[in-house]
Structure formats: C-alpha cells, structure tokens
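Enquirer:
In our numbering, the protein residues as written are 21 to 640.
1. Residue 242 and residue 638 look like a contact to me (Cβ under 8 Å); what is the Cβ gap, rounded to whole Å?
2. Can you tell me whether residue 148 is helix, strand or coil according to DSSP?
3. Does the pairing of the segment 293-307 with the segment 542-556 give three or more beta-carbon distances under 8 Å?
4. In the structure shown, what three-state DSSP assignment does residue 116 receive?
5. At which residue ranges does the segment 188-248 contain complete alpha helix (DSSP H) runs of 4 or more residues, listed in the order of the chain?
6. State buried or exposed for residue 37, treating a residue as buried only when at least 16 other CB atoms are found within 10 Å of its CB.
7. Out of 590, 598, 566, 478, which one is the CA nearest neighbour of residue 534?
8. Looking only at C-alpha atoms, which of 104, 187, 175, 48 sits nearest to residue 137?
9. Just to confirm my understanding: we take residue 200, look at its own chain, exclude 5 residues before and 5 after, and list those with CB closer than 6 Å. What are they?
10. By how many angstroms is the C-alpha of residue 398 removed from the C-alpha of residue 450?
11. Could you tell me the boundaries of the beta strand (DSSP E) in which residue 503 lies?
12. Within its chain, find whatever has a CB closer than 8 Å to the CB of residue 76; leave out the 5 residues flanking it on each side and keep chain order.
13. DSSP state of residue 99, grouped into three classes?
14. Does the beta-carbon distance from residue 427 to residue 279 come in below 9 Å?
15. For residue 559, tell me which candidate among 623, 192, 169 has the shortest Cα-Cα distance.
16. Between the beta-carbon of residue 425 and the beta-carbon of residue 406, is there less than 9 Å?
17. Can you give me the C-alpha to C-alpha distance between residue 590 and residue 167, rounded to a whole angstrom?
18. Determine the extent of the beta strand (DSSP E) in which residue 345 is found, giving its start and end residues.
19. Is it true that the segment 478-495 meets the segment 519-533, where meeting means three or more beta-carbon pairs spaced less than 8 Å apart?
20. Within this structure, are the beta carbons of residue 388 and residue 313 separated by less than 9 Å?
21. Three or more C-beta pairs closer than 8 Å, one from the segment 321-339 and one from the segment 467-480: is that the case here?
22. Decide if the segment 243-260 is in contact with the segment 109-127; the criterion is three or more beta carbon pairs, one per stretch, under 8 Å apart.
23. Return the CA-CA distance between residue 568 and residue 283, expressed in angstroms with no decimal places.
24. Based on the DSSP secondary-structure assignment, which residues constitute the bridge partners of residue 575?
25. Taking the alpha-carbon positions, what's the residue 641 to residue 48 distance?
26. Do residue 244 and residue 530 have their CB atoms nearer than 9 Å?
27. Below 9 Å between beta carbons: does that hold for residue 184 and residue 144?
28. By Cβ distance below 8 Å, which residues in the same chain neighbour residue 146 in space, the five residues on each side in sequence not counted?
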C-alpha cells in the first residue's frame, strides 16, 4: 500500500519515483542494512503500546453537534468535511473518533495531520494525555534524523498507534491505518513548495480511499475545493463526493466575536492604530484581559529609503527589497537570505538620513510599547508585549516559552504574523485586531481573497474562546479590522461570520471564469540566467506540445515572469496550462516530460538552469 501511494504521488505530480520515495523516507533509513532494519523493527514491535484512554477525560460531555458528527463517522464511509466554527470543539471530535477506533480494533492506527510544526506540540500534549505517551509519535521536519527514523519505525512496526505530523506524515508507513484526520485542511502549508510539489491533503484523501481508512478534513474555513466536493445534491447536480458535517456553535454557548471595521480613510494620515482600537486595547488591559494584534509582515520595515535621491534597499540578487530588521541592525532578503549591516548613510548619495518605509511586526511591537508605556495592569505592573513570528521563534524552545507566557496570562498584547492566527487555544484573549489586510483584496492571484477571508476568520477565532471567562469578566469578544475598503463584500461576509455566503459568491465567479475547482491547472516553470532564455524555453515547449495526446483539450498560456522574477541571481518564468478535464491535463503532462527533457539539449534550452512542473498550484 505504501509503494502504491509513492507511485501515485510520483505519477500525478510528475516527479520521478526515486525523488518522491527519498523525500518520503527518513534519511537514516538508507544507512541501515536489511539485517539492522529487521532487528530494529522487531524491537519496535515488542514496544507496542497498549492504549488505555483516560476515562475521566473521555467523560467530558459532548455537544449535540459533536455527538452527531461522531455518529455519522460510525455509520457512513466519507470522506468527511467537518465544517466547524472556531471554538466548536473539532479537536475533541478528533480525539473521540481516534479513541473509538482504537477501542474497536486492537491493530488499528490513526494519522492526524496539522499544517505547521508550531501546532504540533499542543496537539501532541492533548493526545498523549488521552492515550499515553507510548502510543503517540510525531513526524515533522523540525525533528532530528534519529528522531524521524525512530518515529517512522514505530509507525511501520505498528508500535505507534497514533502518528501526529505535518505534510510529510502523509507518507508514514502504517500497516494498520484506519483513520486519517487533516486538521485546518484549507491551509496552503499542506502543499509542498520545493522538490516533489505534492498536496498532503489530497494524498490523504487518495490514501484513505485506497487503504480503506476513513478520512476527516476539518476546518472553520474549508478550501473551496473541499467545500465544492461536499456540496449537497440539487436538481441535476448529484452533489459532491464528500460528506459535509456542520458544527456552527461554539462550545459552552460562547458567541463568535463581534467584527468592527475601522475606515482608515477617515483617520489622520500615517495613522498606524486608530484611536478607537487603542482605547479598546486599553480597556482590555485594565480588566486584565489579553489582546492580539495581527500583521502578516515580519521585520521592522519592508524597505529602507533615502528621501533625497530615492535610493531603496533593493536586494542585489533578487527583484525584491531587503527588509530592515532593527533588532540586529540588518537588511535581509526574505527570498535568497542575503543579509548585510544597515549602511550609516545612503550608499547612493551619502545622505545620513535614511528611513524605514512601512512597517512589520518588529516596528509594530515597538510602536505599541511606546503607546502603552505609561499604562499599568490591574496589579500596578507594566504592560507586557510579546511578538511571535519567524524571527522571534528562531531559537529552539523560543516558541514554546512564548506561548506558555501567553497561556499563563503574563502577556497583555501579543503581536505576530499568521503564525498566531492558526489553531492556538488562547483562553484569555478577548480582542483581535488585523492592522493592514487590504493587500490581498486586489491581488493578481485568484486565490488571494479566499486566503485572506480564511486568515481573518481564523484570527477572529482566537478571541473569546472561553465563554465562562468572558461571562466572569463581563466582557465581549471583538475582532477589529483596519481597512481602506470597508465596503468590500469580503468584509460584509466577515461581519456576519458567513463563510458559506462568501464561498458561494466566490465559487459563482470562479465557475463563470472557468477557474478551479471547475478547471484543473498546472504550472511549467523555468529558471534561467536571463528572463529571455526562461521564456523562450517555455514558449518552445508550448509549441512542441501541439501534437501530444490531450493537447487539444488543454489551454496553454504564454510564458510570463514570476511576480518576483529574480531570486539569487536566477531569472524565473512560468507558463500556466489549464483544462476542464483532469485526465486530459495529466495525459498532456505525462507526454510532455520527455519533450521538455529533450528541449533542454537544444538551442532553446541554452541558459536554462532547471525546469519543473507544479500540478494543482496554490499560487500563480
């Protein structure tokens, strides 16, 4: 079964079998001889854990919606889309589904996937508390090679009953696999962006159907693909092949936060945080509550600029600006990693007065510290502000210690990027603010509004998760959004927490435009020494595909540069191919592979460094 999964992934995502297999296996597995492997597996099998779920924890009363979802899991085959609002208790449903499976089948195993490493520790703690530490192993890229090997062998031998992990865990060898859970299934992190560009969510669904395992996809804001696949039958439409289970109510009768829009057109120029928002945060501090301020841009400022000559901190190796990081006085490119110290004066004209333009989380943290410097907490101590982003959590253990401080109530204002918007169960946060989300409203990427709505809904879901705490405080959860486009339909749906209406509106537009999920796409990308060489290779490839099987049913668009067309001195171009038939697209891509390889050896391939195929791309 495992070999079938790897073979399918290689075939569908247009990669070599060896590349997918090597990505799927722990690196140290290659170092073991067959005798050593057999010995290790025998030892692991002897360590097989007896699962004894904690009865006290399992006696937690379920809501009617949770109980209904569990009952449907038992009687229907799925795949299931668990459409539960933030705070509706989806994790408890996963835990119960796993508990029922393991109690029913002594050899069964369950795979539970999360989109990002930073969500693994808290979920791992909950599963180990429920099933015992020996029954649960993790699989993610943050582990050392020996740790990955130990977890993989435990899963392969059946010693581990539950595997928790990120997208790589979809390739875990589990002979007793009977249940797959994909939490936050909408998250783009499930799509691999380097090497074999597979979607772990889609492979999980394929694997479940192939191996007879039930599949649960969970989200408060499902991907439009999953939403469309779970549509009910209507008229001539037979409906989707997924079973949609709704859990709209929050546990404990908690209300979803009130959404407040701040029209930034009415604010004084260069306002960062409106007076009304600052007052609302101040009220939270006075009551001993916590606030979360979300800005999806790390660093101090996205660019340094000279007011005299117009110089900007461009990266010499990329068509992008280097970000100013004040904490270590560096300019860093977030694309190629090139970094250097901030110059004392403008490198172009010598003006010593070069200034940051725009702001990232680092600058926002500093700004909030200045604004609340004189404010005191109820106990008279100073206000504490913490920042969680990829920079502040680089050190091992930094993320865990910062999250622990938030959970302990030691932090009054939490500033961060999308890392803090997903999955975290903060009990004392009663206000969430999105500072500058407008960029995605008018992006050239057709998925940008879907991702923005999801991110804002997920962010809102961090507020007011403990109904009893809110009641005791006499408080109400709020989500503040500062925008220059308050009349945009996306914000109207957000105010109503109406994902279904937003999805329906967007899907109607996509159907009319012939975009996914009503069409199937792939990107052919070329990296070359010059932009001309990259585009010439792709356009020659398009011409060479004319006679291939399936070509008449596939639209091939002209080659264009990527949005950031140069990274690390390499020029990048892409060509979009699209079809209403997945089978026709796959036939063309399969036949195209040898043509593309041959083209590299012709004059059109001169200067091309590499090319790749990205099936079902998440960003265009």
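Positions of the beta carbon are idealized from the N, C-alpha and C atoms, including for glycine. Everything numeric in this text was worked out from a predicted model, so none of it was measured.
Expert: Taking the structure as given:
1. Not quite, the Cβ-Cβ distance comes to about 15 Å (not below 8 Å), so this is no contact.
2. helix
3. no
4. helix
5. 220-231
6. exposed
7. 598
8. 187
9. 131, 224, 228, 233, 235
10. 16 Å
11. 498-503
12. With a pLDDT of 47 at residue 76, under the threshold of 50, the modelled position of this residue cannot be trusted; read the value that follows with caution. Excluding sequence neighbours, residue 76 sits near nothing in its chain.
13. coil
14. no
15. 623
16. yes
17. 35 Å
18. 343-345
19. no
20. yes
21. no
22. no
23. 54 Å
24. 598
25. What the structure shows of the chain is the stretch from 21 to 640, and residue 641 is not part of that stretch, so it cannot be assessed.
26. yes
27. yes
28. 111, 115
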